[in-house]
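Notes to accompany the following structure.
Protein chains: 2
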Amino acid sequence: MNSTRFDTTCIGNAIVDVFSKIEDEFLETENLVKNSMNLIDENRAIDLYAKMGSAIEVSGGSAGNTAAGVASLGGKSNYIGKVRNDQLGDIFAHDIQAAGVNFETQKSTAGPATARSFILITPDAHRTMNTYLGACVELGPDDIDEEAISQSAVTYMEGYLWDPEGGKAAFRKAAKIAHEAKQRVSLTLSDSFCVDRFRDEFADFIVDGVDILFANEDELKSLYQTDNFSSAISAIRDKVEIACITRGEKGSVILTQDSEVEIAADLSVDVIDTTGAGDLYAAGFLYGFTNGLSLAQSGAIASLAAGEVISHVGARPATSLKTLVSDKLNLK
Amino acid sequence: MNSTRFDTTCIGNAIVDVFSKIEDEFLETENLVKNSMNLIDENRAIDLYAKMGSAIEVSGGSAGNTAAGVASLGGKSNYIGKVRNDQLGDIFAHDIQAAGVNFETQKSTAGPATARSFILITPDAHRTMNTYLGACVELGPDDIDEEAISQSAVTYMEGYLWDPEGGKAAFRKAAKIAHEAKQRVSLTLSDSFCVDRFRDEFADFIVDGVDILFANEDELKSLYQTDNFSSAISAIRDKVEIACITRGEKGSVILTQDSEVEIAADLSVDVIDTTGAGDLYAAGFLYGFTNGLSLAQSGAIASLAAGEVISHVGARPATSLKTLVSDKLNLK
Chain A
20 MNSTRFDTTC IGNAIVDVFS KIEDEFLETE NLVKNSMNLI DENRAIDLYA
70 KMGSAIEVSG GSAGNTAAGV ASLGGKSNYI GKVRNDQLGD IFAHDIQAAG
120 VNFETQKSTA GPATARSFIL ITPDAHRTMN TYLGACVELG PDDIDEEAIS
170 QSAVTYMEGY LWDPEGGKAA FRKAAKIAHE AKQRVSLTLS DSFCVDRFRD
220 EFADFIVDGV DILFANEDEL KSLYQTDNFS SAISAIRDKV EIACITRGEK
270 GSVILTQDSE VEIAADLSVD VIDTTGAGDL YAAGFLYGFT NGLSLAQSGA
320 IASLAAGEVI SHVGARPATS LKTLVSDKLN LK
Chain B
20 MNSTRFDTTC IGNAIVDVFS KIEDEFLETE NLVKNSMNLI DENRAIDLYA
70 KMGSAIEVSG GSAGNTAAGV ASLGGKSNYI GKVRNDQLGD IFAHDIQAAG
120 VNFETQKSTA GPATARSFIL ITPDAHRTMN TYLGACVELG PDDIDEEAIS
170 QSAVTYMEGY LWDPEGGKAA FRKAAKIAHE AKQRVSLTLS DSFCVDRFRD
220 EFADFIVDGV DILFANEDEL KSLYQTDNFS SAISAIRDKV EIACITRGEK
270 GSVILTQDSE VEIAADLSVD VIDTTGAGDL YAAGFLYGFT NGLSLAQSGA
320 IASLAAGEVI SHVGARPATS LKTLVSDKLN LK
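Quick note, the sequences are listed as chains A and B, same order.
Quick note, the first sequence lines up with residues 20 to 351 if you use the numbering used here.
Quick note, the second sequence lines up with residues 20 to 351 if you use the numbering used here.
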């Protein structure tokens, strides 16, 4: 067990998800690539919402989901992200705090509304995201709480945070503080299109400043522009302390310089909505890792947490992950 | 088939539901009676929300759910209810229109925010509602569209609408217009506590102006202040054209002067959240009735629609009820 104030501080775009079920034809008509995350402006947000069916609103945001997951596992969780002082901002703040996460980022009082992501679920349970960043563009280095970061065993950031300019600066500042305090920095590549947008910057940042990397197979291949999974694995292996590479139903692999642990996916799950699978995988691993568990144990928690979140609509746990772990895993 | 513009116009409090799972102890601590609907003021809304866990937001409102149900069945559905021009109001308007319902009520531009109901789901799947009426108090007679009402085969109103003063006046105006146009008026008693608040007014209004009454067993007993179901049945029977009395898993009974049809509940359903059961029962019956089906057929649709809505969180259909009816019922 670590004795820091927080197991993890997660930093990301603070978003309320707007979930709606659609048919595949809708993606075609709207020129959307299944499973992608598309950034949209306000006009497109209005247009797309008008075309969508009835929806439900659930707090989300990739790193926010991870923060909620760490808390649900019983970990000490902190979150930094920007909402506005509007109704959706109040919903976001309520939900993340009610999940047991420390959340103290000042809400913006002017400028764009709280961010929302229109998440379209096709009958195969896959999600295609359309994100209006709204107030997220207001996040900046001033929002980084130096004391909280230096007292977090891991500071975890989503690649999506590089889209708003201030987010990237906040990200770099947080990484610097974490390393100066001899803590770890973790990054998720978020999305292969996001990797496309920032490939060189991500590659440099990984070498300089990332201890624990999360990526799925496509994102890793995109990062190193290879079609070959083994080549991508070899490329990342000597650049970070730990790389967790997820492969959907093929499970995941956790790599260090001298070890490789294969983790099975939970195939017993009735998959309803894949949103949040990667976020909760990261939550499970980071909870285990920061609480002194082995890579295999941390990976098993990661797999269980990801399995829970894809069994329902919404990207945050719908049940206590702590109870789930104690019921399903033998970590002694 | 009727040739009116709308099968039903539903009038009610326009509300966004905020669902959260709780343990029974929470109800005790907060002095809440399970299954009740409690009206709360803004301060209590803030206090209760702060105590609640993470939630999800779904458009609701009793008559709004019924309107969405009629549309999902393929019926011509109209809705009248008041939201503000705020984010939750936009969500409500989007969802009911996306469900295929005609919704033209002007949003208020000042005064209280859009209404929300904090709906607490206990592990037994029962719901306890805490409603902040917000902008609903702005609904008044001016919002009643005379042409739409006179072209609706049934104008259906929720008892809850009597809580805001303007709602009651709107309600009476709509009933008068409907009857002058030789259309039917329908009322749901909504909630036994609501009946407590308005017993004498409801009793008078039923005699004067209700053709089709919906009530559950408790509400009907409360109306006539009797513990005896048969007495309550006898009391209502000669006062309305049709009375649909729901009895939870005991099913329902549909009464006219000279007939009585027993409808079985769908006991095969895995009950997740009972919110909206009565609303969708009404939707199913009204759709069938206004489309020339028999009482037994209309009741079967009512039972199927109620069964669908209690199989998931949220009080509106999560699938096409039209498809469900065509798959499950033989109405030829």
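Glycine is no exception: its CB is placed at the ideal position from the N, C-alpha and C atoms.
Fair warning: this is a prediction, and the values are worked out from it, not measured in the lab.
- Residues of the same chain with a CB within less than 7 Å of the CB of LEU58 (chain B), apart from the 5 flanking positions on each side, are THR150, LEU152, ASP182 in chain order.
- The beta-carbon of LYS40 (chain B) is placed less than 9 Å from the nearest beta-carbon of chain A.
- In the DSSP assignment, the residues bridged to TYR151 (chain B) are B:ARG135.
- Classified as exposed, ASN247 (chain A) has fewer than 16 neighbouring CB atoms from the shown chains inside 10 Å of its CB.
- The beta carbon of ALA86 (chain A) lies closer than 6 Å to those of CYS29, SER96, TYR98, VAL120 in the same chain, with the five residues before and after it left out.
- At a cut-off of 9 Å, the C-beta of THR141 (chain A) has no neighbouring C-beta in chain B.
- Under a 10 Å Cβ-count criterion, ALA129 (chain B) is classified as exposed, with fewer than 16 other Cβ atoms of the shown protein chains found around its own Cβ.
- Taking C-alpha positions only, ILE115 (chain A) is separated from GLU184 (chain A) by approximately 24 Å.
- Residue state for SER271 (chain B) is assigned as strand, using DSSP reduced to three classes.
- A straight-line Cα-Cα distance of about 7 Å links ILE168 (chain B) and ALA193 (chain B).
- Under the 8 Å Cβ criterion, the region 204–215 of chain B counts as touching the region 238–247 of chain B, having at least three qualifying pairs.
- With respect to GLY79 (chain A), GLY295 (chain A) sits close: the two C-beta atoms are nearer than 9 Å.
- Spatial neighbours of LEU51 (chain A) in its own chain (CB-CB distance under 6 Å, excluding positions within 5 residues in sequence) are listed in chain order as THR147.
- Contact annotation: GLN106 (chain A) and ASP105 (chain B) have beta-carbon atoms nearer than 9 Å.
- With contacts defined as CB atoms closer than 9 Å, ALA319 (chain B) and LEU299 (chain B) fail to qualify as a contacting pair.
- Rounded to whole angstroms, PHE38 (chain A) and LEU343 (chain B) show a C-alpha spacing of 22 Å.
- Chain-order list of chain B residues neighbouring ARG335 (chain A): SER73, by C-beta distance under 8 Å.
- Contact with chain A is found for GLN106 (chain B), since one of that chain's Cβ atoms lies less than 9 Å from the residue's Cβ.
- Annotation for THR293 (chain B): ALA144, HIS145, ARG146, ILE329 place their beta carbon closer than 7 Å to its own, counting only its chain and skipping 5 residues before and after.
- LEU139 (chain B) has its alpha-carbon roughly 12 Å from the corresponding atom of GLU44 (chain B).
- Counting of Cβ neighbours within 10 angstroms places VAL102 (chain A) among the buried residues, the total reaching 16 or more.
- For ASP114 (chain A), the enclosing alpha helix (DSSP H) stretches over residues 106–117.
- Taking the Cα positions, HIS198 (chain A) is about 22 Å away from SER209 (chain A).
- Spatial neighbours of ARG218 (chain A) in its own chain (CB-CB distance under 8 Å, excluding positions within 5 residues in sequence) are listed in chain order as SER241, LEU242, GLN244.
- Residue nearest to LEU232 (chain B) within the set B:SER250, B:ARG256, B:LEU92, B:PHE122 is B:ARG256 (criterion: CA-CA distance).
- THR27 (chain A) sits buried, since 16 or more C-beta atoms from the chains shown fall within 10 Å of its C-beta.
- Closest by C-alpha distance to ASP161 (chain A), out of A:HIS331, A:PHE190, A:PRO142, is A:PHE190.
- Selection A:ASN84, A:THR124, A:ALA90 evaluated against GLY100 (chain A) yields A:THR124 as nearest (Cα-Cα).
- Interface residue (Cβ-Cβ distance to chain A less than 9 Å): GLU76 (chain B) is classified as such.
- The three-state secondary structure of ASN310 (chain B), taken from DSSP, is coil.
- One Cα belongs to GLU238 (chain A), the other to SER287 (chain A), and the distance between them is close to 26 Å.
- The contact set of ASP114 (chain B) on chain A, defined by CB atoms closer than 7 Å, consists of SER73, ALA74 in chain order.
- With contact defined as three or more Cβ pairs closer than 8 Å, the region 66–75 of chain A and the region 275–290 of chain A are not in contact.
- The secondary-structure analysis by DSSP pairs THR207 (chain A) across a beta bridge with A:GLU177, A:PHE233.
- Contact with chain B is found for ALA118 (chain A), since one of that chain's Cβ atoms lies less than 9 Å from the residue's Cβ.
- DSSP places SER39 (chain A) in no alpha helix (DSSP H) but in the uninterrupted beta strand (DSSP E) bounded by 34–40.
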